[in-house]
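Numbering (my numbering), first residue to last: 104 to 338.
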Ligand SMILES: [Zn+2]
């Protein structure tokens with residue numbers, strides 16, 4: 104796994120696109136946290152331009168799922184409504200993941216967020232896409248007759264990684280079912296590179312969003328109405 108990193112080499116990324124942010128688990132002492140800040144900023148800029156072009160980058164006053172308030176919000180579904188952009192992101196992630204993971208047999212993505220980008224990465228890699236869902240108890244499961252063969256080599260795809268909590272759940276599920284997740288990728292990393300999934304991962308844009316506690320939010324202090332964006336019901 105990840106031979107290039109173990110040898111201190113560089114991962115090959117697609118030509119014509121600034122290098123994306125790559126994070127390897129800090130828990131593995133043979134691997135160093137790879138963090139080329141200037142390079143990540145370029146990739147982030149180019150990805151963010153796509154979000155701006157499609158109105159998927161919103162500014163205002165938002166209440167995030169975490170309960171924190173923020174002056175900005177990224178709506179991945181809105182940028183992914185354009186198949187050409189979804190394909191572009193998918194090609195980039197696929198090329199980077201090939202370098203990180205070597206041979207890949209299957210892409211795994213959690214529904215809903217991971218579906219479109221997971222499909223595009225699977226198409227670019229020429230492998231199938233399996234998606235996970237939550238059951239009535241909120242547990243991450245495989246349904247619809249999906250299964251893995253023993254020893255299958257998987258990559259995990261998400262639209263956004265924030266804390267990495269649900270990604271870690273998906274990885275545990277895949278391992279339980281006999282396959283192995285070798286690397287993970289997302290369009291956006293909202294953890295500023297901090298989320299540790301226990302496998303090497305890549306993001307096209309790495310961000311550290313501005314957030315406020317509701318009680319000390321300057322936008323609340325200005326009396327601006329707060330909006331709950333996104334897909335989950337407001338809290
Ligand atoms: Zn506020």
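Where a beta carbon is used, it is the ideal one built from N, C-alpha and C, also for glycine.
Quick one, which of 165, 159, 172 and 208 has its alpha-carbon nearest residue 184's? For the purposes of this step, residue 184 is taken as residue 81 along the chain shown, with counting starting at 1. Taking each of 165, 159, 172 and 208 in turn and checking the Cα distance to residue 184, the smallest one comes out for 159.
What span of residues does the beta strand (DSSP E) with residue 286 cover, start to end? Against the chain shown, residue 286 aligns to sequence position 183. Per DSSP, residue 286 belongs to the beta strand (DSSP E) from 283-292.
Taking the alpha-carbon of residue 251 as reference, which of 270, 267, 231 and 263 has the nearest alpha-carbon? Mapped onto the chain shown, residue 251 falls at position 148. With distances taken between Cα atoms, residue 251 lies closest to 231.
For residue 223, which three-state DSSP category applies? Residue mapping note: residue 223 aligns to position 120 of the chain shown, counting from 1. It is helical.
Quick check: is any heavy atom of ligand 1 less than 7 angstroms from the C-beta of residue 167? Looking up residue 167 in the chain shown gives position 64. Every heavy atom of ligand 1 is 7 angstroms or more from the Cβ of residue 167, so no.
Should residue 178 be labelled buried (16 or more other beta-carbon atoms within 10 Å of its own) or exposed? Against the chain shown, residue 178 aligns to sequence position 75. Residue 178 should be labelled buried.
Backbone secondary structure at residue 304 - three-state DSSP: Taking the first residue of the chain shown as position 1, residue 304 is located at position 201. DSSP places residue 304 within a strand segment (E or B) once states are collapsed to three.
Just verifying my parser: in three-state terms, what is the DSSP assignment at residue 276? The count along the chain shown starts at 1 and reaches residue 276 at position 173. Helix, per DSSP.
Are the segment 269-287 and the segment 231-249 touching by the rule of at least three beta carbon pairs closer than 8 angstroms? Contact between the segment 269-287 and the segment 231-249 is present, because at least three Cβ pairs lie under 8 angstroms.
Can you tell me whether residue 150 is buried or exposed? The criterion is at least 16 other CB atoms within 10 Å of its CB, across all chains shown. Residue numbering aside, residue 150 sits at position 47 when the chain shown is read from its first letter. Looking at its Cβ environment, which holds 16 or more other Cβ atoms inside 10 Å, residue 150 is buried.
beta-carbon residue 322 near ligand 1 non-hydrogen atom, thresh 7 angstroms: Residue numbering aside, residue 322 sits at position 219 when the chain shown is read from its first letter. True, at least one ligand heavy atom lies under 7 angstroms from that Cβ.
Taking the Cβ atom as the reference point for each residue, do residue 192 and residue 307 lie within a distance shorter than 8 angstroms? For the purposes of this step, residue 192 is taken as residue 89 along the chain shown, with counting starting at 1. For the purposes of this step, residue 307 is taken as residue 204 along the chain shown, with counting starting at 1. Cβ atoms of residue 192 and residue 307: closer than 8 angstroms.
Any heavy atom of ligand 1 within a distance shorter than 7 angstroms of the CB on residue 82? Within the shown structure, residues of the chain are numbered from 104 to 338, placing residue 82 beyond reach of any answer.
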